[in-house]
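From first to last, the protein sequence lines are chains F and Y. Read in order, the letters of the first sequence correspond to residues 1 to 275 in UniProt numbering. Read in order, the letters of the second sequence correspond to residues 1 to 275 in UniProt numbering. Cβ coordinates follow ideal geometry from the N, Cα and C atoms, glycine included. Written below as structure tokens is the structure these notes are about.
Protein chains: 2
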Amino acid sequence: MKLGDPRKAFLVPEGGKVKLTEKGADDLSIFPDGSKSDGEALFAEIALQIKAQQKVLYAQGKHRVLVIIQAMDTGGKDGCVKSVFASVDPQGITVKSFKKPTEEELAHDFLWRIHPHVPRSGGITVFNRSHYEDIIAVRVKKLYEDEVWKRRYRHVTDFEQMLAEEGTTILKLFLHISKAEQKRRLEARLRNPNKHWKFLPDDLADRERWAEFQHAYEDLISKTSTRHAPWYVIPADRKWFRNLAVGRLFADTLQDLDLEYPTVSWDPEEIRIND
Amino acid sequence: MKLGDPRKAFLVPEGGKVKLTEKGADDLSIFPDGSKSDGEALFAEIALQIKAQQKVLYAQGKHRVLVIIQAMDTGGKDGCVKSVFASVDPQGITVKSFKKPTEEELAHDFLWRIHPHVPRSGGITVFNRSHYEDIIAVRVKKLYEDEVWKRRYRHVTDFEQMLAEEGTTILKLFLHISKAEQKRRLEARLRNPNKHWKFLPDDLADRERWAEFQHAYEDLISKTSTRHAPWYVIPADRKWFRNLAVGRLFADTLQDLDLEYPTVSWDPEEIRIND
């Protein structure tokens, strides 16, 4: 079962212009002959590969890896984190969720609350939501004048370029679901009492502004996808395919780093351990 | 295959006096008929239980859980974290490793670097080393006058009591290995080039002071095991048994919390999701 390269298929190139309406949220064309069970079997292999790669990344302590995940509500941010990164040593991965900014956070520039959480050498950090909320929400909900979110495009690309040049590998994932799939997922939450806590009636207000959000994301992704920190638009209507695509993309990204166990400056042959 | 209760077997009661020389690092007596493969099978069940419990803990967002792990070098801190907590959603767990304090950290009280990392509601945090290093190392290596580490016993018990009273469940684990087992593990690291990075020739200096460290730990554990924040001395010469005992202990601790999915204030029947 051959899987195409998600980094080619789903990349938004620097200077490109993405149209979400033309991107299938259910586009499985890079896995043309694959069924769900094929996809899950392949994903299990990829998860083991990521687990092995992370061990070396951590030991080497050289690279820093930042994964930024954005999506509409129910887009699968939590599920993606759980699936793709669950096999990894919890010591080597940090997941940071950004909620609505607090008063203290709003009393600073919008990157102030982000910066302390970027990954350290040898570490992987996943942002579940990010500084991109402070563009999307500000724009669609008209929290400040338009100048604010417009200049933030520059602020985030400058910030990410600095991080990249200082040694951080950045992947930005937009989990792309259709409006019909969101409806199915919201209804499933309503049917399952163990998921009621995840359902916020206020989220329905965002759903009413679906087209505005999609348009804002199109503009955002087009203008902030750079070679230092590219965006990938992942078809995410099928959870198994989303996991497969993100897993492959992440494993391939690690593969391109020169991961190797560090060498030591002493000679193991010369060391004696006393009783 | 019956497993005894590690919370009974390995607890150091408040006011108790622990003698590590009388505690078998290879004591499997709570699992009398169990083999390694039995233990691993049982551990796999416990890991699934922890995974399920953590989901509710996170959804409920009420309790905070802090696990503090201390051990001599090669005692299995990293391995224990990886094994016991690997199945858990990485979003719900944070592992914080404390290294040798930086200049900035030393310019503050010894709890200054610790406090920001205590768990939030719904979260599990694991400290791989902790504020206890600032007692053990200070004492054995005579970094400051004796008064300093002596009064720190009070500082840590006061601090932990405050955390507990504010809603944090605290477990403190001493992974107890024998000096002979440490030798085997150090030699194994020397034989495996992929583990050389974990071997610091300086660690051998600590090994030379094994008895002093054991004595310092005995005193520390005896004086800082409280009902708010009890110490458990886990026989850790066998990795599979260490994982089994820590897993059981952790799952039982979660079991005692009133974990349940939160109820919501709205009526799922009344919500309509538009197309």
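Enumerate in chain order the residues of its own chain whose CB-to-CB distance from residue i is below 8 Å, with the five nearest sequence positions on each side excluded.
| i | result |
| --- | --- |
| Trp112 (chain F) | Glu105 |
| Lys23 (chain F) | His176, Val233 and Pro235 |
| Thr226 (chain F) | Glu14, Thr157, Glu160 and Gln161 |
| Ile93 (chain F) | Gln54, Phe85, Gly123, Ile124, Thr125 and Val126 |
| His196 (chain Y) | Arg189 and Leu190 |
| Arg120 (chain Y) | Arg64 |
| Asn128 (chain F) | Ile69, Lys77, Asp78, Val81, Val95, Lys96, Ser97 and Phe98 |
| Gln255 (chain Y) | Gln53 |
| Val12 (chain Y) | Val18, Ile221, Ser222, Ser225, Pro230, Trp231, Tyr232 and Val233 |
With a CB to CB cut of under 7 Å and the five nearest residues on each side skipped, what residues in its chain are close to residue i?
| i | result |
| --- | --- |
| Arg154 (chain F) | none |
| Ala229 (chain F) | Glu160, Ala164, Ile170 and Lys172 |
| Arg131 (chain F) | Reading off the sequence, residue 131 (chain F) comes out as His, not Arg. Phe110, Leu111, Ile114 and Val156, listed in sequence order. |
| Arg209 (chain F) | Val140 |
| Arg151 (chain Y) | none |
| Gln214 (chain Y) | Leu20 |
Compare the C-alpha of residue i against each of the options and name the closest.
| i | options | result |
| --- | --- | --- |
| Val88 (chain Y) | Y:Ile68, Y:Ile124, Y:Pro116 and Y:Gly76 | Y:Ile124 |
| Glu270 (chain Y) | F:Gln214, F:Glu187 and F:Glu212 | F:Glu187 |
| Thr21 (chain Y) | Y:Ala216, Y:Leu259 and Y:Asp78 | Y:Ala216 |
| Arg248 (chain F) | F:Lys99, F:Ala211 and F:Gly39 | F:Gly39 |
| Leu171 (chain F) | F:Thr253, F:Pro262, F:Asp267 and F:Ile273 | F:Thr253 |
| Lys141 (chain Y) | Y:Ser83, Y:Asn192, Y:Ile114 and Y:Asp203 | Y:Asp203 |
| Leu42 (chain Y) | Y:Asn274, Y:Thr263, Y:Asn243 and Y:Ser265 | Y:Asn243 |
| Phe199 (chain Y) | F:Leu143, F:Tyr144, F:Pro262 and F:Arg139 | F:Pro262 |
| Asp61 (chain F) | F:Gln91, F:Ser222 and F:Pro116 | Per the sequence presented here, residue 61 (chain F) reads as Gly, with Asp not at that position. Closest option to Gly61 (chain F), Cα to Cα, is F:Gln91. |
| Pro193 (chain Y) | F:Trp266, F:Pro32 and F:Asp146 | F:Trp266 |
| Val18 (chain Y) | Y:Arg209, Y:Gln182, Y:Trp231 and Y:Phe241 | Y:Trp231 |
| Ala71 (chain Y) | Y:Asp237, Y:Leu259 and Y:Gln255 | Y:Asp237 |
| residue 358 (chain Y) | Y:Pro116, Y:Ala245, Y:Ala211 and Y:Ile136 | This structure gives no information on residue 358 (chain Y), because the portion of chain Y shown stretches from 1 to 275. |
| Lys100 (chain Y) | Y:Lys239, Y:Val118 and Y:Leu143 | Y:Leu143 |
Would residue i count as contacting chain Y if we go by Cβ distances under 8 Å?
| i | result |
| --- | --- |
| Val65 (chain F) | no |
| Tyr261 (chain F) | yes |
| Ser225 (chain F) | no |
| Phe10 (chain F) | no |
| Phe85 (chain F) | yes |
| Asp237 (chain F) | no |
| Val95 (chain F) | yes |
| Asp146 (chain F) | no |
| Ala59 (chain F) | yes |
| Asp73 (chain F) | no |
| Asp158 (chain F) | no |
| Asp275 (chain F) | yes |
Examine chain F for any beta-carbon lying closer than 8 Å to the beta-carbon of residue i, and answer yes or no.
| i | result |
| --- | --- |
| Asp89 (chain Y) | yes |
| Ala52 (chain Y) | no |
| Lys82 (chain Y) | yes |
| Trp266 (chain Y) | yes |
| Pro13 (chain Y) | no |
| Asp26 (chain Y) | no |
| Ile221 (chain Y) | no |
| Asp33 (chain Y) | no |
| Asp78 (chain Y) | yes |
What residues in its chain sit with their C-beta under 6 Å from that of residue i, if we drop five residues either side in the sequence?
| i | result |
| --- | --- |
| Ala251 (chain Y) | Ile46, Gln49 and Ile50 |
| Leu257 (chain F) | His63 |
| Ser222 (chain Y) | Lys17 and Val18 |
| Trp240 (chain Y) | Lys36, Gly39 and Glu40 |
Hey, is residue i's beta-carbon within less than 8 Å of any beta-carbon in chain C?
| i | result |
| --- | --- |
| Ile271 (chain Y) | No chain C appears in this structure, whose protein chains are F and Y. |
Requested in this report: Quick one: which residues of the region 174-197 of chain Y get their C-beta closer than 8 Å to a C-beta of chain F? List them in chain order.
Outcome: Against chain F - using a Cβ distance shorter than 8 Å - the residues of the region 174-197 of chain Y are Lys179, Ala180, Lys183, Leu186, Glu187, Leu190, Arg191, Pro193, Asn194, His196 and Trp197.
Requested in this report: Mind listing, in chain order, the continuous beta strand (DSSP E) runs of no fewer than 3 residues lying wholly within the region 100-182 of chain Y?
Outcome: Runs of the beta strand (DSSP E) inside the region 100-182 of chain Y: 124-128 and 168-176.
Query - Cβ-based contacts, 8 Å cut-off: residues of the region 113-141 of chain Y near chain F - result: Along the region 113-141 of chain Y, going in chain order, the ones with a CB nearer than 8 Å to a CB of chain F are Val126 and Asn128.
**Report entry** Residues in the region 98-110 of chain F having any Cβ partner in chain Y nearer than 7 Å
**Finding:** Of all residues in the region 98-110 of chain F, none comes within less than 7 Å of chain Y when Cβ atoms are compared.
Report task. Please list the residues of the region 202-214 of chain Y that have a C-beta atom closer than 9 Å to any C-beta atom in chain F, keeping them in chain order. Result -> Those would be Leu204, Arg207 and Glu208, in chain order.
Query raised in the report: If you measure beta-carbon to beta-carbon, which residues of the region 239-260 of chain Y are closer than 7 Å to chain F?
Result: Answer in chain order: no residues at all.
Query raised in the report: At which residue ranges does the region 206-244 of chain F contain complete alpha helix (DSSP H) runs of 4 or more residues, listed in the order of the chain?
Result: DSSP runs (the alpha helix (DSSP H)) wholly in the region 206-244 of chain F: 210-224.
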